[in-house]
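Enquirer: Attaching a single structure in structure tokens format; questions to follow.
Encoded structure:
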């Protein structure tokens, strides 16, 4: 497939865009966001002769499309049969079991190390920066220069986004390109647990075995065994590494 080798060499393949009730627009201009991902998803679901025929047919539909292709639950791409579309919808958006979570990790280039990815997660980070025994929750989004240590739990709807955009006074708006003048990489330390809807901003380095409470927005680096909560997040306690006890700070 055109361009797929270049993308695969530099970055993990992203998760498929989830097939939800709202629209998803997929064009040849953004292969990393649509065409490539749906191709590998189909390739992962079907393993028999029908798989190859279905994959070929879907490739042809995508290649021959001159306009933006609209995919949604209630309207299928031309020539894609209802059974295939139903299986794609189920796999991308609804299947949530150990076997499928392991399989998704393999499709995303982080498999083989007991890593698991729940439906709808999007992963756009460089290769070789994800450890072992990682779980990435439903609809979480990881983007940019992110490194994840071993034994990390990332809950549903988390955002881990490295990089910032620089304001250009000449144009009056922020550049779409990532600002490379500062280090905005993110590190998630060994054994961390990010509860649901956690946001980690650019430049943050989480220490070992942090507990980041639900809804927290972490804007500064943290020490080992920290318990963080709030917007912006502040340390409200620590974990005793010897006993596992939570020790709460009292103001």
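Residue numbers (our numbering): -16 to 234. C-beta: ideal position from N, C-alpha, C; glycine also. What you are looking at is a predicted structure, and each value in this text was computed from that prediction instead of being measured.
#1: Residue 111: which of 131, 152 and 167 sits nearest, CA to CA?
#2: Thinking C-alpha only, which one of 106, 143, 115 and 175 is nearest residue 200?
#3: Kindly give me the distance between the Cβ atoms of residue 166 and residue 186, rounded to whole angstroms, as I take these residues to be in contact under 8 Å.
#4: What are the boundary residues of the beta strand (DSSP E) that includes residue 88?
#5: Using the Cα positions of residue 211 and residue 113, report the straight-line distance between them to the nearest angstrom.
#6: Counting Cβ pairs closer than 8 Å, one from the segment 85 to 99 and one from the segment 134 to 142, do we hit at least three?
#7: Could you check where the beta strand (DSSP E) with residue 125 kicks off and where it finishes?
#8: Would you please state the rounded distance, in angstroms, between the beta carbons of residue 148 and residue 163? I believe it to be under 8 Å.
#9: Check residue 232 in the structure and name its three-state DSSP category.
#10: Quickly, what does DSSP pair residue 212 with across the bridge? List them, please.
#11: Exposed or buried, which one is residue 215 when buried takes at least 16 other CB atoms within 10 Å?
#12: Give me the Cα-Cα distance between residue 55 and residue 173, rounded to the nearest whole angstrom.
#13: According to DSSP, simplified to helix, strand and coil, what is residue 121?
#14: Comparing alpha-carbon positions, which option in 135, 152, 178 and 182 lies nearest residue 171?
#15: Between which two residues does the beta strand (DSSP E) carrying residue 158 extend?
#16: Taking DSSP as the reference, what is the three-state secondary structure of residue 203?
#17: Just tell me which of 118, 226 and 157 has its CA closest to the CA of residue 83.
#18: Name the one or two DSSP bridge partners that residue 129 has.
#19: Tell me the rounded alpha-carbon separation between residue 179 and residue 109.
Expert: If we stick to the structure as given:
#1: 131
#2: 143
#3: 6 Å
#4: Unbroken run through residue 88 is the alpha helix (DSSP H), 81 to 90; no beta strand (DSSP E).
#5: 23 Å
#6: no
#7: 124 to 126
#8: Not really, about 11 Å apart at Cβ, beyond 8 Å.
#9: coil
#10: 217
#11: exposed
#12: Unreliable placement is indicated for residue 55, whose pLDDT of 33 sits below 50; no coordinate value is reported for it.
#13: coil
#14: 135
#15: 156 to 161
#16: coil
#17: 118
#18: 169
#19: 24 Å
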